[in-house]
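Visitor:
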Amino acid sequence: MKKLSLLLLAFTGLMLFNRCSTDVDINADYQQITVVYGLLDPYEDTTYLKINKAFLGSENALIMAKIPDSSEFIEKLDVRIWPEDDPQDIAYFDTITITNKEEGVFYNPNQIIYYSAFQPETDKKYILRILYKETEITSDAATFQFVFTDITSPGFAKKIGINDNADPKAVIWNRKEEAPRYDLTIRFHYKELMEGSADTVYRFFDWHKDTKKALIGPEVESYYTGSTFYAALTAFVPYEDAAKEAKVTDRFTSTLQFIVEAGGKELNTYMEVNEPSSSIIQDRPAYTNITNGIGIFSSRATAIKPKKLNDVTVAYIKGSYSWLKFRY
1 MKKLSLLLLA FTGLMLFNRC STDVDINADY QQITVVYGLL DPYEDTTYLK
51 INKAFLGSEN ALIMAKIPDS SEFIEKLDVR IWPEDDPQDI AYFDTITITN
101 KEEGVFYNPN QIIYYSAFQP ETDKKYILRI LYKETEITSD AATFQFVFTD
151 ITSPGFAKKI GINDNADPKA VIWNRKEEAP RYDLTIRFHY KELMEGSADT
201 VYRFFDWHKD TKKALIGPEV ESYYTGSTFY AALTAFVPYE DAAKEAKVTD
251 RFTSTLQFIV EAGGKELNTY MEVNEPSSSI IQDRPAYTNI TNGIGIFSSR
301 ATAIKPKKLN DVTVAYIKGS YSWLKFRY
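Counted the way the working numbering counts, the sequence shown spans residues 1 to 328.
1) Tell me which residue opens and which closes the beta strand (DSSP E) that residue 138 is part of.
2) Answer with buried or exposed for residue 218, where buried requires no fewer than 16 other C-beta atoms within 10 angstroms of its C-beta.
3) Which whole runs of the beta strand (DSSP E) in the region 197 to 257 are 3 residues long or more, in chain order?
4) From residue 8 to residue 50, what does the alpha carbon distance come to, in whole angstroms?
5) State the CB to CB distance for the pair residue 130 and residue 79, rounded to an integer number of angstroms; the pair is presumed to be in contact (CB under 8 Å).
6) Between which two residues does the beta strand (DSSP E) harbouring residue 193 extend?
7) For residue 194 versus residue 253, is the C-beta spacing smaller than 8 Å?
8) Please say whether residue 260 and residue 214 have beta carbons closer to each other than 8 Å?
9) What first and last residue would you give for the beta strand (DSSP E) that runs through residue 78?
10) If you draw a straight line from the C-alpha of residue 140 to the C-alpha of residue 127, how long is it?
11) Sort 220, 184, 200 by Cα distance to residue 209 and report the nearest one.
12) Can you confirm whether the region 287 to 307 touches the region 258 to 274 when touching is taken to mean that 3 or more C-beta pairs between the two stretches lie within less than 8 Å?
13) According to DSSP, which residues form a beta bridge with residue 95?
14) Pick from 238, 83, 55, 222: whose alpha carbon is nearest that of residue 204?
15) If you run the structure through DSSP and keep just helix, strand and coil, what is residue 314?
16) Leaving out the 5 sequence neighbours to the left and right, which residues in its chain are closer than 7 Å to residue 176 when beta-carbon positions are compared?
17) Using 8 Å for Cβ pairs, my map puts residue 114 next to residue 93. What's the rounded Cβ distance?
18) Exposed or buried, residue 63, counting other C-beta atoms within 10 Å across all chains shown (16 or more means buried)?
19) Which partner residues does residue 50 have in the DSSP bridge list?
20) Would you call the CB atoms of residue 225 and residue 166 closer than 8 Å?
21) Here's the rule I'm using: 16 or more other beta-carbon atoms within 10 Å means buried, otherwise exposed. How should residue 104 be labelled?
22) Would you kindly work out how many angstroms separate the C-alpha atoms of residue 235 and residue 155, rounded to a whole number?
23) What's the gap between the Cα of residue 197 and the Cα of residue 324?
24) Around the C-beta of residue 192, are 16 or more other C-beta atoms found within 10 angstroms, so that it is buried, or is it exposed?
25) Do residue 187 and residue 206 count as a contact pair if the criterion is CB distance below 8 Å?
26) Counting only the same chain and skipping the five closest in sequence on each side, list residues whose C-beta sits under 8 Å from that of residue 168.
Have a look at this one:
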């Protein structure tokens with residue numbers, strides 16, 4: 001679902017960008033513009049594509065966006081993907097309606113997504129082709145291998161310690177040629193028991209986030225401090241509702257995850273073009289790698305390295321942060 005959320009967010013941005021362009025000629029003949037968003041992930045067993053049409057009308061764009069027919073194709077499109085080195089190995093796409101899209105500018109909660117039980121291979125280039133009437137909309141993207149062993153620091157020890165100080169500690173991973181952009185998240189999982197209930201409550205919080213862009217070198221580095229973890233511990237663990245917090249009887253430390261999400265070249269370029277700019281020139285050209293359409297077709301992969309907190313760190317949390325009710 002994370003991949004679906006990213007596709008829908010990108011779709012919203014581009015559809016509004018094209019509707020609000022200062023260069024639109026309202027007297028021009030109607031032109032069909034196909035909008036495509038897709039990310040290939042070799043570690044997902046299903047591939048999703050968001051395919052819509054851009055719209056232009058006399059009404060307010062925010063009103064038209066609420067009408068599905070404004071941006072959805074009525075007919076089902078011919079959508080297929082194949083590896084560049086084997087054109088006969090074709091994966092075909094069907095449609096599915098998602099029913100849990102959050103409220104926003106565009107119609108909800110139902111939206112049509114194209115999907116295929118197709119899992120790309122690593123280190124391959126794939127061709128995308130969408131046929132709409134007599135028009136071929138095409139693109140290509142290359143996948144890459146990226147797994148937990150690519151995260152080289154922290155190393156292979158099952159448990160690690162986190163000191164309550166500002167000394168920087170490094171997270172290091174291998175750079176991939178096809179992935180110039182990386183998002184690091186460090187996530188802490190823990191469990192709770194509540195008064196009057198035998199059920200275990202599973203919770204987590206993200207306490208370190210960083211984005212790195214790397215075009216050269218064998219490795220990429222990001223630094224965190226232990227003091228950030230302990231500040232997040234006190235900020236996110238207790239419930240804001242004092243009555244609910246009082247019902248917590250016990251908490252237990254669980255997994256610490258080092259999550260690195262790698263984005264392909266086209267995705268990186270798209271995100272760079274759409275990042276906030278400090279320049280006085282705010283009108284920037286839209287980026288697309290879709291032929292006969294607009295949007296983005298690229299690749300991504302996620303590496304996750306789990307760790308446990310060592311005994312010294314757990315003892316420190318129990319003693320110095322006893323009011324958080326951690327037992328181990």
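Ideal placement from N, C-alpha and C gives every residue a C-beta, glycine not left out.
Guide: Looking at the coordinates:
1) 135 to 142
2) exposed
3) 200 to 213, 219 to 225
4) Confidence in residue 8 is poor, its pLDDT being 47 and thus under 50, which makes the residue's placement unreliable; the coordinate value appears in the next sentence. Going from the Cα of residue 8 to the Cα of residue 50 covers about 7 Å.
5) 5 Å
6) 181 to 194
7) no
8) no
9) 78 to 83
10) 4 Å
11) 184
12) yes
13) 114
14) 238
15) helix
16) 144, 146, 262
17) 4 Å
18) exposed
19) 37
20) yes
21) exposed
22) 28 Å
23) 19 Å
24) buried
25) yes
26) 223, 224, 225
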